[in-house]
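This report concerns only the one structure given below.
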Amino acid sequence: MQSIKVGLVGAGGNAVGDGRGLSHARHLDALNAGKIVAVCDIVPEAAERVAARLDAKPYTDYEAFLRHGLDVIILATPDTLHAQMAATALEAGVGVISEVPGATTVEDGRRLVQAYKRSGGFYMLMENYGYRDEIELIRRLVQAGKFGDVYFGEGEYLHDCRGLNRFADGTLTWRGRDFSGYVYIWHSLRPLLYILDDRPTRITAMATMQP
2 MQSIKVGLVG AGGNAVGDGR GLSHARHLDA LNAGKIVAVC DIVPEAAERV AARLDAKPYT
62 DYEAFLRHGL DVIILATPDT LHAQMAATAL EAGVGVISEV PGATTVEDGR RLVQAYKRSG
122 GFYMLMENYG YRDEIELIRR LVQAGKFGDV YFGEGEYLHD CRGLNRFADG TLTWRGRDFS
182 GYVYIWHSLR PLLYILDDRP TRITAMATMQ P
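Numbering (my numbering), first residue to last: 2 to 212.
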């Protein structure tokens with residue numbers, strides 16, 4: 002089987018701080034399904050450091066990176082950049098595997114969907130909780146009618162993100178700056194929709210402001 006040529010976008014905290022980017026590389030290697038051959042980051046030292054560990058080529062120019070002959074990219078950049086960078090890659094004929102969230106505004110989400118439809122390419126959102134064994138079990142039980150007709154579902158997810166919002170010196174990270182904390186609904190919404198095998202027709206959001 003021909004190895005899939007993968008590019009990693011984002012060599013900073015979202016890529017290596019908790020092992021995300023290098024974790025992707027390890028899994029690709031274990032599956033013998035692909036190899037990270039290029040790494041892109043706006044910080045040259047970060048791109049070079051991670052690229053050296055993966056025996057890949059470093060880039061700081063995203064468009065040049067997309068011309069490397071890649072089959073797919075892994076987006077591990079700050080959340081507000083996901084939709085724009087994914088759309089650009091799709092329009093360049095490169096597949097996308099994106100960290101959550103896919104988009105942070107309705108406008109970005111629409112642009113991403115339009116780019117995906119126009120390109121006819123590959124896009125995957127890496128929401129991992131929907132692949133957990135217990136989620137799959139509950140889905141099968143619902144489909145088998147073990148709970149009868151389901152009229153209401155509720156999904157909850159707890160994640161202590163306080164350490165992700167500030168650096169050790171107290172200054173805000175991109176999460177703290179852009180989100181005033183970290184609004185994290187992706188890991189509860191996606192599994193719920195998967196279990197119910199349904200799509201939303203109307204969305205309402207509420208938030209509690211804290212000092």
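C-beta atoms are modelled at their ideal positions from N, C-alpha and C, and glycine is treated no differently.
{"query": "Leu9 versus Gly122: straight-line alpha-carbon distance, rounded", "result": "18 Å"}
{"query": "Environment of Phe214 [buried if 16+ CB atoms lie within 10 Å]", "result": "For residue 214 there is no data in the structure shown, the boundaries of the chain being 2 and 212."}
{"query": "CB contact below 8 Å: Thr105 versus chain D", "result": "Among the protein chains of the structure shown there is no chain D, as only one such chain exists."}
{"query": "Cβ-based burial, Pro45 [other Cβ within 10 Å; buried from 16]", "result": "exposed"}
{"query": "Whether Ala87 touches Leu71 by CB criterion (8 Å)", "result": "no"}
{"query": "Endpoints, alpha helix (DSSP H) assigned at Tyr158", "result": "From DSSP, Tyr158 is part of no alpha helix (DSSP H); its letter is neither H nor E."}
{"query": "Rounded Cβ spacing between Trp187 and Pro79 (contact assumed at less than 8 Å)", "result": "No, Trp187 and Pro79 are not in contact; Cβ-Cβ is about 15 Å, not under 8 Å."}
{"query": "Length of the line joining the Cα atoms of Val95 and Gly22", "result": "18 Å"}
{"query": "Alpha carbon of Val49 to alpha carbon of Ala26, nearest angstrom", "result": "At residue 49 the sequence reads Glu, which differs from the Val that was named. Taking the straight line joining both Cα atoms gives about 16 Å."}
{"query": "Euclidean distance between Cα positions of Ala39 and Gly146", "result": "47 Å"}
{"query": "Distance CB(Gly156)-CB(Leu126) smaller than 8 Å", "result": "no"}
{"query": "Reduced DSSP secondary structure (H/G/I, E/B, other) of Ala48", "result": "helix"}
{"query": "Coarse secondary structure for Pro201, derived from DSSP in three states", "result": "coil"}
{"query": "Exposed unless 16 or more other CB atoms sit within 10 angstroms - verdict on Ser181", "result": "Any answer about Ser181 is weak, because its pLDDT of 46 lies below 50 and its placement is not dependable; what the coordinates show is given next. The residue in question, Ser181, is exposed, as its Cβ has fewer than 16 Cβ neighbours within 10 Å."}
{"query": "Collapsed DSSP secondary structure at Leu9 in the structure displayed", "result": "strand"}
{"query": "Rounded C-alpha distance that separates His83 from Ile98", "result": "10 Å"}
{"query": "Tyr124 Cβ short of 7 Å to the ligand MG heavy atom set", "result": "Among the components of this structure there are no ligands whatsoever, and the ligand MG is therefore not found."}
{"query": "8 Å Cβ cutoff met for Gly11 and Leu76", "result": "yes"}
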